[in-house]
Ligand code: NAD
Ligand code: UFG
């Protein structure tokens, strides 16, 4: 049966794909977004793709109780919340930590208070694999030590802890999903990742080099203790990640009592920067010119999930291959060379 779900940050990269999956599953959605890092066009396309008209948009900041109040009242009682809204640039969090603590932690606190006020205590929260810091043992299990090394990850871990405390204090049902590296796009090429300015992340940088928007990729370091010396990450197709949210929400809504889950959401496969470059070249038939440069400050050599817990608890596993991540991300880039800023 369809539920009424409130989605913060629903216009963003992961949020927009998740909204589409939820609409296709028959849910009704209320999205709260201030479009700080996204465009309303993403939500217009989500509705068009879903062929349903079941999405209300409330434009505003999650730190403002009145905005959340409006969202909670806009369609009727909310069954559950998925909380994507937040800031995610590691370097920016080092330069401006107060902004990160305000948006990520304070924003989550204001949201939780609004949920209590409106009698909704079911929440899926976007956490990150960077809470593990610079681990030495792999794959990463949820019970391993967390040791975040920058304010971005520190704020995410603090929110996890705040939510755990709520679960202990009253009957909240919470899932903190620790995402690994989401990439790719919906296979239609109509929605995807739309970074402002020069992309921070590997995957959108590669697609922009492929499209001729940038000359060459810079590979940040080839002297890490990995197979080819470049950094290893666990890349996951954004549609797999979006589906994980739908499954998590269904799971939480079936829990009769208070429950607090923390789950890695990754594939379990570690790929180096050069593996991704080669995979992209194979999937598209294009060549990605690159130079190896200095390590990027703050980067860790390797992050790779053990995804077993999500499989056991939710029955969810990532299904899509690197080839699909590259094919779909490239289709989005080709159809939308300037992202949402010009008509496809
Ligand atoms: P995104 O920037 O594309 O989406 C975030 C959305 O939140 C945007 O639409 C933005 O406009 C909105 N937003 C930001 N601050 C807001 C505020 N104060 N009030 C209302 N809306 C606000 O990012 P994403 O990649 O979709 O990430 C979603 C969540 O997942 C974030 O919390 C991020 O930290 C987390 N996460 C992302 C990654 C990743 O690699 N993309 C990895 C781990 C965790
Ligand atoms: N890299 C390059 N060149 C680039 C960009 C990245 O060589 O132009 C390398 C990095 O050094 C790293 C790998 O590619 O080894 C992945 O880097 P990304 O910037 O794509 O991703 P990160 O793992 O650094 O961080 C991302 C998000 C975080 C999130 C984290 C979850 O930026 O918000 O994934 O693992 F928390």
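Residue numbers (this note's numbering): 949 to 1292.
Where a beta carbon is used, it is the ideal one built from N, C-alpha and C, also for glycine.
Here the structure is a predicted model, which is why all the values come from computation and not from measurement.
* Under 8 Å, do residue 1165 and residue 1157 count as touching if we go by C-beta distance? -> Start at 1 with the first residue of the chain shown, and residue 1165 comes out as number 217. Start at 1 with the first residue of the chain shown, and residue 1157 comes out as number 209. In contact: residue 1165 and residue 1157 (Cβ atoms closer than 8 Å).
* For residue 1265, does the count of other Cβ atoms within 10 angstroms reach 16, so buried, or fall short, so exposed? -> The sequence position of residue 1265 within the chain shown is 317, counting from 1. Looking at its Cβ environment, which holds fewer than 16 other Cβ atoms inside 10 Å, residue 1265 is exposed.
* Asked: Is the beta carbon of residue 1182 less than 8 Å from the beta carbon of residue 1217?
  -> Within the chain shown, the letter at position 234 stands for residue 1182. Within the chain shown, the letter at position 269 stands for residue 1217. Closer than 8 Å, so yes.
* To do: Could you tell me which of 1102, 1083, 1069 sits nearest to residue 1116, measuring between CA atoms?
  => Residue mapping note: residue 1116 aligns to position 168 of the chain shown, counting from 1. It is 1069.
* Asked: Contact check, residue 1288 vs residue 990 under 8 Å by CB: the rounded distance?
  -> Counted from its first residue, the chain shown places residue 1288 at position 340. Counted from its first residue, the chain shown places residue 990 at position 42. Contact flag correct, Cβ pair sits at about 6 Å.
* Asked: Whole-angstrom Cβ separation of residue 1235 and residue 1229, contact assumed at under 8 Å?
  -> Locating residue 1235 in the chain shown gives position 287, counting from the first residue. Locating residue 1229 in the chain shown gives position 281, counting from the first residue. Indeed they touch by this definition, with Cβ atoms about 6 Å apart.
* **Residues of its chain near residue 1108, where Cβ-Cβ distance is below 6 Å and the 5 sequence neighbours each way are ignored** => Here residue 1108 refers to the residue found at position 160 when the chain shown is read from its first residue. Closer than 6 Å at Cβ, skipping near neighbours: 1075, 1124.
* Note down, one range per segment and in chain order, each alpha helix (DSSP H) of at least 4 residues found wholly within the region 1089-1176. => 1099-1117, 1150-1158
* **Close Cβ partners of residue 1087 (< 7 Å) along its chain, the five nearest in sequence each way excluded** => The sequence position of residue 1087 within the chain shown is 139, counting from 1. Once the five neighbours on either side are set aside, the close Cβ partners of residue 1087 are 1216, 1252, 1253, 1254.
* Out of curiosity, what's the CA-to-CA distance linking residue 1096 and residue 1078? -> Taking the first residue of the chain shown as 1, we reach residue 1096 at position 148. Taking the first residue of the chain shown as 1, we reach residue 1078 at position 130. Between residue 1096 and residue 1078, the C-alpha separation is close to 6 Å.
* Within the chosen definition, does the region 1139-1147 reach the region 1191-1206 through at least 3 CB pairs nearer than 8 Å? -> no
* Asked: When DSSP builds the beta bridges, which residues end up paired with residue 1212?
  -> Indexing the chain shown from 1 puts residue 1212 at position 264. Looking at the DSSP assignment, residue 1212 forms a beta bridge with 1126.
* Asked: In the structure shown, what three-state DSSP assignment does residue 1236 receive?
  -> Taking the chain shown and counting its residues from 1, one reaches residue 1236 at position 288. Looking at residue 1236 - three-state DSSP - the assignment turns out to be coil, as it is neither helix nor strand.
* Alpha-carbon to alpha-carbon, residue 1274 and residue 1191 -> For the purposes of this step, residue 1191 is identified with residue 243 of the chain shown, where counting begins at 1. For the purposes of this step, residue 1274 is identified with residue 326 of the chain shown, where counting begins at 1. In a straight line, the C-alpha of residue 1191 is about 18 Å away from that of residue 1274.
* **Reduced DSSP secondary structure (H/G/I, E/B, other) of residue 1184** => Translated into positions along the chain shown, residue 1184 becomes position 236. The answer is strand: DSSP assigns residue 1184 an E or B state.
* To do: Please check the pair residue 1126 and residue 1212, which I expect to be a contact at CB under 8 Å, by giving their CB distance rounded to whole angstroms.
  => As a position in the chain shown, residue 1126 is number 178, starting the count at 1. As a position in the chain shown, residue 1212 is number 264, starting the count at 1. Correct: roughly 5 Å between the Cβ atoms.
* Asked: When you compare each of 1066, 1202, 1020, 1210 to residue 1112 by their alpha carbons, which one comes out closest?
  -> Position 164 of the chain shown holds residue 1112. Minimum Cα distance to residue 1112 is reached at 1210.
* **Coil, strand or helix - residue 1292 by DSSP** => As a first step, residue 1292 must be located in the chain shown, where it is residue number 344. A caution first: residue 1292 carries a pLDDT of 45, below 50, which makes its placement in the model unreliable, though a value can still be read off. Here residue 1292 sits in coil by DSSP.
* Unbroken beta strand (DSSP E) run spanning residue 1075, endpoints -> Along the chain shown, read from residue 1 onward, the residue named residue 1075 stands at position 127. Taken as a continuous stretch (DSSP letters only), the beta strand (DSSP E) holding residue 1075 covers 1070-1076.
* Where residue 1178 sits in the DSSP three-state scheme -> As a first step, residue 1178 is located in the chain shown; it is residue number 230 there, counting from the start. Coil at residue 1178, not helix or strand.
* What are the boundary residues of the alpha helix (DSSP H) that includes residue 962? -> Counted from its first residue, the chain shown places residue 962 at position 14. Segment 961-972, the alpha helix (DSSP H) holding residue 962.
* To do: Could you please give the first and the last residue of the uninterrupted beta strand (DSSP E) stretch that includes residue 1044?
  => Numbered from 1 along the chain shown, position 96 holds the residue referred to as residue 1044. Careful: residue 1044 lies outside any beta strand (DSSP E) and carries neither H nor E.
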